[in-house]
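As you go down the protein sequences, you meet chains A and B in turn.
As numbered in my numbering, residues 2 to 163 make up the first sequence, in order.
As numbered in my numbering, residues 123 to 420 make up the second sequence, in order.
Using N, Cα and C, we set each Cβ at its ideal position, and we do this for glycine too.
The next block holds one structure in the form of structure tokens; read it before the comments.
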Amino acid sequence: MPEETERIPITVRVNGKSHSLAVEPRLLLVELLREELDLTGTHIGCDTTYCGACTVLLNGAAVKSCTVFAVQADQGEVLTVEGLAQDHKLHPIQEAFAQNHGLQCGYCTPGVLMSTYALLARHPNPSDAQIRKAIAGNTCRCTGYQNIIKSIRAAARGIEGS
Amino acid sequence: MYPPPFRYHRAGSLKEAVALLAELGEEAKVLAGGQSLIPLMKLRLASPAHLVDLNFAPGLSYIRPENGEIRFGAMTRHAEIEYSEVVARIPILHDCASGIADVQVRSRGTLGGSLAEADPSGDWTPVLLTLETEVICVGPQGERSVPLAEFVTDAFTTVLAPTELVREVKVKLPPAKSGGAYVAFKRSAPVYATASAAVQLTLVDGDVCAQAAIALGGVGLTAIKAAEAEAALRGQRISAKTVEAAAEAAMRAADPQPDMRGSVAYKRVLIGALVRRAIDAAARRCRREQVEVSHQYA
């Protein structure tokens, strides 16, 4: 095992802003976001590819950022929960979760919001089965999921109506 | 959790990846989707000195129907297979791709990576064992094509040399009047299935089974081709009696290990139930019924 490893230069666009920096190969994408770029909205839950709290979009696809190396996001486009609201106005998905009690403690919420974003990008008008499947990789220990599902339905209507 | 330090090598092409593996030797691992390798490294169960990243090498991700087969590039992600219109024509492949772990893992995980890892609970091996599947491996000596049944030799073990990697997976299209289904049972979305059954049938003259392929996942050190269960259906009409005979043969073929997912007895009963459900769905699909099949949850 090498004691030290060379830092690799990468350029990543996060929430529309380009960042160029040099990272250790073992740095995970979630650590890049939280520790290097100070974007702490993306949470670390289980850190074992289970809970989905760290979900972000990488080149449009929902991924668990605890299971992607930062070097793999080189030349890529990342969207995190901080990138949802525009001009101090909540994104319709965030608005729907606030209105429908789609969160309680809020720990899983950033990941759930990003999974919802990916779902609605593919299926603007999802069925309940599609909603359930889309958030199957996000663990919530508070809500019992019912209000999350309700919020996603409302978000779909909200985006359609906006 | 930080994985142990490693040196990172970005392969710009397949050729470069092969050259890197030849140069770095046994201390190098290939980084495909990373959805098993990265967690293993974080838990310090794997600590390769070098990673050769295939994610930036172009031309390794494709789904091409050609000459009665479908060719998958090794880096084709589960999600790409899930949404492929080509794959939709072979329902058993869609059942599998759409149910592996969760959306996030399917975004990253790859077919080639899954086969090369050879996890006994992996979804692709049992499914692809019911179709004629060849794994195209490439190394410093050139290419070789290995039938899937010979490719996986033991738990987490394949015929791949440390200097070889999977380039492509070729799957032969099933004949007309065929139908298949993959039924996996898991406790929650992100985990591996407790057990799974893949069934591919060809029905002629009503319900007479001309061909049957049955493979079991998660109930042995590798996926198990249940030859006796297949024989129980072949040449027979699909009926409650023949289905039961096949399910019982599958239960005998299973060789499960007890673990946190269940005891030996539990897994054996489970595999019987999964085989019955998969035969039912496969037979209905042979009759051109629309049947939705996905991984089932506890």
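Closer than 8 angstroms at the beta carbon, the chain A residues around residue i
| i | result |
| --- | --- |
| B:R129 | P3, T6, E7 and P26 |
| B:R309 | Per Cβ cutoff of 8 angstroms: no residues; B:R309 is ~11 angstroms from chain A at best. |
| B:A201 | A62 |
| B:K292 | Neighbours of B:K292 on chain A: none; closest Cβ ~26 angstroms, over 8 angstroms. |
Chain A contact for residue i (CB, 7 angstroms cutoff)
| i | result |
| --- | --- |
| B:A403 | no |
| B:Q157 | yes |
| B:N177 | yes |
Amino acids of chain A, ordered along the chain, whose beta-carbon sits closer than 7 angstroms to that of residue i
| i | result |
| --- | --- |
| B:D245 | Ordered by position in chain A, no residue passes the 7 angstroms Cβ test against B:D245, which lies about 15 angstroms from the chain. |
| B:M123 | D48 |
| B:S229 | A62, A63 and V64 |
| B:K151 | Within 7 angstroms Cβ-Cβ: nothing; B:K151 doesn't reach chain A, min ~13 angstroms. |
Chain B contact residues for residue i, given Cβ-Cβ distances below 7 angstroms
| i | result |
| --- | --- |
| A:Y51 | P312 |
| A:A86 | Those do not exist, as A:A86 stays about 22 angstroms from chain B at its closest Cβ, beyond 7 angstroms. |
Where residue i falls: helix, strand or coil (DSSP)
| i | result |
| --- | --- |
| B:T316 | coil |
| B:K164 | helix |
| B:S267 | strand |
| A:T110 | helix |
| A:R159 | Per the sequence shown, residue 159 of chain A should be read as Gly rather than Arg. Three-state result, A:G159: helix. |
| B:E370 | helix |
| B:A219 | helix |
| B:T364 | helix |
| B:S300 | strand |
| A:Y118 | helix |
| B:I346 | strand |
| B:Q418 | strand |
| B:S236 | helix |
| B:V152 | strand |
| A:R8 | coil |
| B:E290 | strand |
| B:T247 | helix |
| A:C143 | coil |
| A:I45 | coil |
| B:V274 | strand |
| A:L40 | coil |
Within chain B, partners of residue i - CB distance below 8 angstroms
| i | result |
| --- | --- |
| A:G138 | A223, D224, V225, Q226, V227, A311 and P312 |
| A:A156 | The premise fails here: A:A156 is roughly 16 angstroms from chain B at the closest Cβ pair, so nothing lies under 8 angstroms. |
| A:A116 | According to the sequence shown, residue 116 of chain A is Ser rather than Ala. The contacting residues are V225 and Q226. |
Where residue i meets chain A, residues with beta-carbon distance less than 9 angstroms
| i | result |
| --- | --- |
| B:I160 | L29, T50, C67, T68, V69 and F70 |
Residue-chain proximity (residue i, chain B), Cβ-Cβ < 7 angstroms
| i | result |
| --- | --- |
| A:A23 | no |
| A:Q73 | yes |
| A:T12 | no |
| A:T110 | no |
| A:T56 | yes |
| A:A122 | no |
| A:A97 | no |
Whether residue i touches residue j by CB criterion (7 angstroms)
| i | j | result |
| --- | --- | --- |
| B:E176 | B:M197 | For clarity, residue 176 of chain B is Leu in the given sequence; the question names Glu instead. Against a cut-off of 7 angstroms, the Cβ pair of B:M197 and B:L176 comes out as a contact. |
| A:G103 | A:I149 | yes |
| A:V113 | A:A74 | no |
| B:I222 | B:R228 | yes |
| B:A315 | B:K308 | yes |
| B:T232 | B:G155 | yes |
| B:A348 | B:L338 | yes |
| B:G302 | B:I214 | yes |
| B:V365 | B:I401 | yes |
| B:S267 | B:E254 | no |
| B:T344 | B:V274 | yes |
| B:Q226 | A:T56 | yes |
| A:D48 | B:M123 | yes |
| A:A86 | A:S152 | no |
| B:R398 | B:A369 | yes |
| B:V152 | B:V174 | yes |
7 angstroms Cβ cutoff, residue i in contact with chain D
| i | result |
| --- | --- |
| B:P170 | Among the protein chains of the structure shown, namely A and B, there is no chain D. |
Decide if the stretch 55-73 of chain A is in contact with the stretch 100-108 of chain A; the criterion is three or more beta carbon pairs, one per stretch, under 8 angstroms apart. no
Are there three or more Cβ pairs, one per stretch, closer than 8 angstroms when the stretch 281-296 of chain B is compared with the stretch 174-193 of chain B? yes
Is the stretch 387-394 of chain B touching the stretch 365-378 of chain B in the sense that three or more CB pairs, one from each, lie closer than 8 angstroms? yes
Would you be able to state if there are at least three C-beta pairs under 8 angstroms between the stretch 139-152 of chain B and the stretch 283-293 of chain B? With a cut-off of 8 angstroms, the stretch 139-152 of chain B and the stretch 283-293 of chain B count as touching, because enough Cβ pairs lie within range.
If we count Cβ pairs, one from each stretch, closer than 8 angstroms, do we get three or more for the stretch 194-206 of chain B versus the stretch 30-50 of chain A? no
Do three or more CB pairs link the stretch 125-139 of chain A to the stretch 43-57 of chain A at distances below 8 angstroms? yes
Three or more C-beta pairs closer than 8 angstroms, one from the stretch 203-221 of chain B and one from the stretch 230-250 of chain B: is that the case here? yes
Is the stretch 321-336 of chain B close to the stretch 359-368 of chain B, with three or more CB pairs under 8 angstroms? yes
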